[in-house]
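Residue numbers (the working numbering): 75 to 190.
Pasting the structure below:
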């Protein structure tokens with residue numbers, strides 16, 4: 075049960091990553107206040123999930139070693155989409171790109187601090 079819940083949580087995070095960059099872009103271009111509110115809420119969701127002591131890296135590594143094809147396919151798809159969307163954002167809107175990179179870097183730093 076716990077493994078299935080963690081797998082569903084990973085799927086949620088991966089799908090959220092795929093759709094978050096287009097949502098960020100739309101909000102950044104059309105509604106600045108909405109962008110900042112969504113950004114803060116999104117970061118709090120990520121930090122809340124990480125603070126629950128869920129080791130996302132371990133779950134993904136386990137899925138890759140067990141050949142969980144659904145999770146493996148979704149992970150690869152999410153990585154390709156995220157990289158492509160970040161490149162497109164860099165080309166079209168550098169200010170948004172830099173904001174997102176700073177957020178990703180700060181998330182990484184905070185998650186590493188929470189792991190200790």
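We treat Cβ as the ideally placed atom computed from N, Cα and C, and that holds for glycine. Owing to the predicted nature of the structure, the values given are computational and were not obtained by experimental measurement.
>> Tell me the residue span of the alpha helix (DSSP H) that contains residue 187.
In response: 168-189
> Would residue 163 pass as a contact of residue 122 if the rule is Cβ separation under 8 Å?
Replying inline: no
> For residue 101, does the three-state DSSP call read helix, strand or coil?
Replying inline: helix
>> Strictly under 8 Å for the Cβ-Cβ distance: is residue 113 near chain B by that measure?
In response: Considering every chain present, this structure includes no chain B. It has just one protein chain.
> According to the Cβ coordinates, are residue 113 and residue 177 closer than 8 Å?
Replying inline: yes
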